[in-house]
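Number of protein chains: 2
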Amino acid sequence: MRNREILLKAATEIFSAGGPQASLEAVAKKAGVGIGTLYRHFPSREELFEAVYRHEVDQLCDLALTLGHETDALAALRQWLQANVRLVATKKGMMQTLQLAVYGNPQLKASSTARMVEALDMLLKRAIAEGSLRNDISAEDLLRTLIGIYYAQPEENWQAKALKLLDIFLDGLRAKA
Amino acid sequence: MRNREILLKAATEIFSAGGPQASLEAVAKKAGVGIGTLYRHFPSREELFEAVYRHEVDQLCDLALTLGHETDALAALRQWLQANVRLVATKKGMMQTLQLAVYGNPQLKASSTARMVEALDMLLKRAIAEGSLRNDISAEDLLRTLIGIYYAQPEENWQAKALKLLDIFLDGLRAKA
DNA sequence: CAATATACGGAGGCACCCTCCGTTTAGAAA
DNA sequence: TTTCTAAACGGAGGGTGCCTCCGTATATTG
Numbered sequence: 019m020r021n022r023e024i025l026l027k028a029a030t031e032i033f034s035a036g037g038p039q040a041s042l043e044a045v046a047k048k049a050g051v052g053i054g055t056l057y058r059h060f061p062s063r064e065e066l067f068e069a070v071y072r073h074e075v076d077q078l079c080d081l082a083l084t085l086g087h088e089t090d091a092l093a094a095l096r097q098w099l100q101a102n103v104r105l106v107a108t109k110k111g112m113m114q115t116l117q118l119a120v121y122g123n124p125q126l127k128a129s130s131t132a133r134m135v136e137a138l139d140m141l142l143k144r145a146i147a148e149g150s151l152r153n154d155i156s157a158e159d160l161l162r163t164l165i166g167i168y169y170a171q172p173e174e175n176w177q178a179k180a181l182k183l184l185d186i187f188l189d190g191l192r193a194k195a
Numbered sequence: 019m020r021n022r023e024i025l026l027k028a029a030t031e032i033f034s035a036g037g038p039q040a041s042l043e044a045v046a047k048k049a050g051v052g053i054g055t056l057y058r059h060f061p062s063r064e065e066l067f068e069a070v071y072r073h074e075v076d077q078l079c080d081l082a083l084t085l086g087h088e089t090d091a092l093a094a095l096r097q098w099l100q101a102n103v104r105l106v107a108t109k110k111g112m113m114q115t116l117q118l119a120v121y122g123n124p125q126l127k128a129s130s131t132a133r134m135v136e137a138l139d140m141l142l143k144r145a146i147a148e149g150s151l152r153n154d155i156s157a158e159d160l161l162r163t164l165i166g167i168y169y170a171q172p173e174e175n176w177q178a179k180a181l182k183l184l185d186i187f188l189d190g191l192r193a194k195a
């Protein structure tokens, strides 16, 4: 099953650079694999999109798990949110791809959202428990805010602005001393 | 220049049914026009997407203008918001198409948003002036809420749920008697 | 060391993309 | 009305990518 992961990685790179309309043959080539192999693992373009999507979500959830062992819970939370922004910022064509995947499959979206909320909830609860965050915000609200920040997406220098917005928002969330 | 409009209409129908990856030859065929004619009017797929996008925004802005003459300003506002929901609901593949257009061209998004805000602002101000709406919400906020409702997009029976959310929200916005 | 099952590669038929150029149409000039 | 010309049109065709299918290679089992 090694090829599956190689293909996934190649697809991520190709779609990041070229958007969702990039050639699947380019993906196979980048993976050093025949086109037939690609289609055996991912019988349709949609399934490849969805697999890429799931993989991105997996990585974020894994990261949350790792960060869950940090001693400074607030810093961990900030790092995770920043990782979200960076993921979007570094992969230009990827957002179109993910967007497409999500529109084509509402239950994929539902399940991914649930997993993201779960991951975020854990980090959030830890920060609240350690006393560095006010306790009147839910993971759903925070995620929605994050999406709002993505969605705003001003044309230039987006990453810096998003990171700044994030910091401002997190400052607002701090428990009063 | 008649053909341009015929093509735009055909494209709207084809993309609504088949999503953005639908064949441009199908669009030309539906319009009863040669493929060459399509490409003369819209030199690239992106430009066709963008034209469709602009056209949808135009229609909403025109509608707002018409509704601006209604005597019941609150009802007019509600109708306009409902029209937004219906537009999304009746055109399955269209959201993917518009999404794609907007991701590929940030300034198209910026200008369309501005126009939508302007249209909405007019309706909103009228409702506030007539005294049926509280005055502490901006058109931007309302539009963002609308987008939030779109984005939530639960898999089934989305339209009914969205319309209901809208009503609840509008009730919350009413000026107290 | 077979025999069988599983995974692979890529040729090929098909659809679609977009360009290019010969044809048609509309409107001005004679 | 007829002729001329410029703008608009249509669609053939070369190229690319999609996806299937089947012959080949590698792993597994007896």
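Sequences listed follow chains R and D, in order. Positions in the first sequence are counted from 1; adding 18 to them yields my numbering. Positions in the second sequence are counted from 1; adding 18 to them yields my numbering. From the three backbone atoms N, C-alpha and C, an ideal C-beta is built for every residue, glycine too.
Proximity test, Cβ basis, 9 Å: residue i and chain D
i: R:L118; result: yes
i: R:Q39; result: yes
i: R:R162; result: yes
i: R:G166; result: yes
Among the options, nearest to residue i - alpha-carbon criterion
i: D:L181; options: D:A101, D:S150, D:R144; result: D:A101
i: D:P38; options: R:R20, R:K194, R:S150, R:Q117; result: R:Q117
i: R:I24; options: R:S62, R:P61, R:V70; result: R:V70
i: D:Y168; options: D:D139, D:L99, D:E43, D:H73; result: D:L99
i: R:N123; options: D:Q114, D:E65, D:A49, D:L188; result: D:Q114
i: D:A82; options: D:F67, D:V135, D:F33; result: D:V135
i: R:Y57; options: R:A29, R:H73, R:V120, R:A35; result: R:A29
i: R:I155; options: R:H87, R:R133, R:Q125, R:L188; result: R:L188
i: D:Y121; options: D:E64, D:N21, D:G190, D:E43; result: D:E64
i: R:G190; options: R:L78, R:R104, R:N153, R:D139; result: R:N153
i: R:G50; options: R:N21, R:Q77, R:L105; result: R:N21
i: D:L126; options: D:K47, D:A46, D:E68; result: D:E68
i: D:N175; options: D:L42, D:V103, D:L138; result: D:V103
Proximal residues of chain D, C-beta to C-beta of residue i below 8 Å
i: R:M113; result: Y121
Residue i (DSSP reduced to helix, strand or coil)
i: D:R192; result: strand
Same chain, Cβ closer than 6 Å to residue i, five either side skipped, listed in chain order
i: D:S130; result: V75
i: D:L92; result: A145, S150
i: R:L66; result: A29, F60
i: D:A46; result: I53, L56
Same chain, Cβ closer than 7 Å to residue i, five either side skipped, listed in chain order
i: D:G149; result: A193
i: D:L85; result: A94, Q97, W98, L141
i: R:R133; result: V75, C79
Close beta carbons around residue i, own chain, < 8 Å, minus the five adjacent residues each side
i: D:G111; result: F33, S34, A35, G36, G37, P38, A40
i: D:T163; result: F187
i: R:E158; result: V135
The ligand GDP heavy atom lying under 8 Å from the CB of residue i
i: D:E136; result: This structure does not include the ligand GDP; it has no bound ligands of any sort.
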